[in-house]
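Chemist: Chains A and B are the protein sequences, given in the same order.
In this text, residue positions in the first sequence follow our numbering: the first is 12, and each later residue adds one.
In this text, residue positions in the second sequence follow our numbering: the first is 1143, and each later residue adds one.
Next up is a structure, given as structure tokens.
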Amino acid sequence: MNTSLLMFLLFVGITLLITAWAARRSSGSSAFFAAGRQIKGWQNGIAVAGDYMSAASFLGIAGLIAFNGYDGFMYSVGWLVAYLTVLLIVAEPLRNAGKYTMADVLAYRLSARPVRAMASFSTLTVSTFYMIAQMVGAGTLVALLLKGSGITFDRAVVIVGVLMVSYVVFGGMLATTWVQIVKAVLLIGGTIFLSILVMAQFHFSLGEFFSAVSHVTLANGKTVNFLQPGLLYKPPYGPLNLISLGLALIFGTAGLPHILVRFYTVPDAKTARVSVVWAMAIIGGFYIMTTFLGFGAATLIGKDFIAKNGGTNMTAPLLAQRLGGDLFFAFISAIAFATILAVVAGLTISASTSFAHDFYSNVIHHGVERKPGEEVLVARVAAFVVGAVSILIAIVLGPTFNVAFLVALAFAVAASANLPVILLSIFWQRFNTAGAVCGLAVGLASSLALILVSPSIMGIDAPTVAAAARHLIQAKPLFPLDNPGIASIPLGFLGAVIGTFLGGPASSADKWLELEVRANTGLGSEKAVAH
Amino acid sequence: MQSDGPDFHRVAAMPEFRALLAAKLRFVLPATVFFIAYYFSLLILVGYFPSFMATPVLGPVNLAYLFALSQFFVAWLLAWLYLRVAAKWDAQAKALLSKLDDGGSSAALLTGARR
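This is the structure in structure tokens:
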């Protein structure tokens, strides 16, 4: 039997056991949406890392560095530094002021219905884009990794979709948390082991390693210094693209709904803070090790070999195969699969929580739960629908669809729509409902519009370019950058500020004081459920 | 429902609470400005001055890589400093909440939350 398949099944078995255990333990809304707020700081830190390090980070970044050298490493840096925004500005006020979703913080002193409706829409948009990117990636990857086992792209997408929905529907936030913890531990373990194997090739000498990285011989005989910046971000627009990407990462991470909901699973703001620091230790350690994975692949197997054997996303598995044989290839492939599953489960629960809590309970039913357990039931149904829709869209788009821009879009929307209104509602007394709705709408619309006219979607291809690689719109791009952050983030803030001044008086002063006290002292915040 | 709950307005009026907010701002604002400036100086230097950043410093390792690597350590250092000052704020917040008349329940709320 195929070793990769065996390891996949082992991981699936473990996660289903976790789900069964979680299903027996949890009942009630707080248990389903927030794991009873009883997750410990270090556990939540690992889970945040597991929720965050997507296939894009593990597979994508190794490939980016193996193909573009130093410039690929820029992602690694941004993905860690972004957590300072989460730590210093967002995590603690969010935990203190909210209950289950990002919109709780916005609705605290603004009128609940319009703000929640808009925030829920933005959450669903971010989660769906991100999810589709992950699903298409998962399908391609699983089909490639399990070649010969009869698992095609379509089947792989269905399997991933069914598993993520099962974790969420049966095990809620508790199961999702533990799936993310198991995945993070596996990912870190596999990465450490792979890094050691890489360094063994250089006799554990950093000097030897880096001198090989600075003299990589390509298939065409040319020698390239992979530590040299500028291989990917070339003029004229490269540098600006890099800065725009940096903005989207720094401001987007703190606006990603699936990361934010994790801070409701801990007992208090102090534990939320500790968990961010745990996450930063793990995420930072992982991204530093992408040095060995990415540059190691560039020197040991070379980008020409990777390009012929499945492309950038196969970099880490191919490196594992070269250094550790088929068994290690199977192990790293299983980790890649686990990585995707943990992330899509996190996305599913944050999307369905936002739908049930923000849209169904608060927008449609004015915050009154008519029957106990109704909110959880709606969330379960929503998770099912989210799963079904994502499976369908991923299959329709198919394995050749370029998903990279969907991830960029998710970060851009999070940075341009979500983060400005979160910041302003915590720090600006004058802010009001019109400002929040306008900020969310402008941030969302400008990110979408700018991506649509960017080089990701628009471009003129030579007739020889294969159909799958062609741009969706055959015309000169109207906006020169792949990443809209540099324009859409200021637009999001501007929309929120202009909306505030045009939209009437400041929101209630009483509520402002209440939020200020609650966010900064934890007075009145949601408590962990009793044992 | 909130208005029947804890006495937010009494806390908001306390000079200790204003002092806590000021203390937080004194750390968070400079720390945020610093990390954003430090991070974007990497992107600007690497983006616009790639050949300068390619200057080898430690053997084959160039300025660009060392600067990028330093971002990790600076982020960790800031996180550690933040943990240290935030522990003081926790103590300040606990002290001011214990001054409330319903101090019993507020204190219980805090200790309960601390497990």
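Heads up, the beta-carbon is just placed ideally off N, CA and C, and yes, glycines get one too.
1) Indicate the three-state DSSP secondary structure (helix, strand or coil) for residue 464 of chain A in the structure shown.
2) Using 7 Å as the threshold, is the C-beta distance between residue 1154 of chain B and residue 524 of chain A below it?
3) Please report the straight-line C-alpha distance between residue 1166 of chain B and residue 1231 of chain B, rounded to a whole angstrom.
4) From residue 57 of chain A to residue 1168 of chain B, what does the alpha carbon distance come to, in whole angstroms?
5) What does residue 1166 of chain B touch in chain A if you count any residue whose Cβ is under 9 Å from its own?
6) What did DSSP end up calling residue 1157 of chain B once you bin it into helix, strand or coil?
7) Just the C-alpha distance for residue 507 of chain A and residue 143 of chain A, rounded to the nearest angstrom, thanks.
8) Between which two residues does the beta strand (DSSP E) harbouring residue 1200 of chain B extend?
9) Could you name the residues that DSSP lists as bridge partners for residue 1203 of chain B?
10) Would you tell me roughly how many angstroms separate the C-alpha atoms of residue 430 of chain A and residue 235 of chain A, rounded to the nearest one?
11) Report the partner residues of residue 484 of chain A according to the DSSP bridge assignment.
12) Could you give the distance in angstroms between the alpha-carbon of residue 461 of chain A and the alpha-carbon of residue 210 of chain A?
13) Let's test the definition: count the other Cβ atoms within 10 Å of the Cβ of residue 487 of chain A and tell me whether it reaches 16, buried, or not, exposed.
14) With residue 147 of chain A and residue 405 of chain A assumed to form a contact (beta carbons below 8 Å), what rounded beta-carbon distance in angstroms separates them?
15) Please give the ranges of any alpha helix (DSSP H) in the stretch 68-155 of chain A, keeping only runs that are unbroken, at least 4 residues long and fully inside the region.
16) Rounded to whole angstroms, what is the Cα-Cα separation between residue 1203 of chain B and residue 1213 of chain B?
17) Please name the residue in A/119, A/358 and A/79 whose C-alpha comes closest to that of residue 242 of chain A.
18) Quick check: what's the CA-CA separation for residue 1177 of chain B versus residue 96 of chain A?
19) Where does residue 277 of chain A sit, in a helix, a strand or coil, going by DSSP?
20) Considering residue 539 of chain A, what are the terminal residues of the alpha helix (DSSP H) in which it resides?
21) Below 7 Å CB to CB, which residues in the same chain sit around residue 61 of chain A once its five sequence neighbours on both sides are set aside?
22) Counting only the same chain and skipping the five closest in sequence on each side, list residues whose C-beta sits under 6 Å from that of residue 351 of chain A.
23) Around the C-beta of residue 485 of chain A, are 16 or more other C-beta atoms found within 10 angstroms, so that it is buried, or is it exposed?
24) Applying the criterion that 16 or more other CB atoms from any shown protein chain within 10 Å of the CB defines a buried residue, is residue 1151 of chain B buried or exposed?
25) Consult DSSP for residue 228 of chain A and reduce its assignment to one of helix, strand or coil.
26) With a threshold of 6 Å on Cβ separation, who are the neighbours of residue 20 of chain A within its own chain once the five nearest residues in sequence on each side are excluded?
27) Name the DSSP bridge partner or partners of residue 301 of chain A?
28) Considering only their Cβ atoms, is the gap separating residue 324 of chain A from residue 419 of chain A smaller than 7 Å?
29) Would residue 1209 of chain B count as contacting chain A if we go by Cβ distances under 7 Å?
30) In or out: residue 531 of chain A buried (at least 16 other Cβ within 10 Å) or exposed?
31) What does DSSP give as the partner residues of residue 234 of chain A in its beta bridges?
32) Measuring alpha carbon to alpha carbon, tell me which of A/18, A/101 and A/361 ends up nearest residue 265 of chain A.
33) Between the stretch 1162-1192 of chain B and chain A, which residues of the former have a C-beta closer than 8 Å to a C-beta of the latter?
34) Which whole-angstrom value describes the C-beta separation of residue 308 of chain A and residue 15 of chain A, a residue pair presumed to lie in contact below a C-beta threshold of 8 Å?
35) Using 7 Å as the limit for Cβ to Cβ distance, is residue 1195 of chain B near chain A?
36) DSSP three-state call for residue 1194 of chain B: helix, strand or coil?
Modeler: According to the data block:
1) coil
2) yes
3) 8 Å
4) 30 Å
5) 531
6) helix
7) 29 Å
8) 1198-1200
9) B/1200
10) 40 Å
11) A/469
12) 43 Å
13) exposed
14) 5 Å
15) 72-79, 81-96, 102-108 and 113-118
16) 16 Å
17) A/79
18) 9 Å
19) coil
20) Neither: residue 539 of chain A is in no alpha helix (DSSP H) and is coded neither H nor E.
21) 191, 192, 194, 195 and 353
22) 66, 145 and 149
23) exposed
24) exposed
25) strand
26) none
27) The partner list for residue 301 of chain A (beta bridge, DSSP) is empty, contrary to what the question assumes.
28) no
29) no
30) buried
31) A/228
32) A/101
33) 1162, 1163, 1166, 1170, 1173, 1174, 1177, 1178, 1181, 1182, 1184, 1185, 1186, 1188, 1189, 1190 and 1192
34) That pair is no contact at about 19 Å.
35) yes
36) helix
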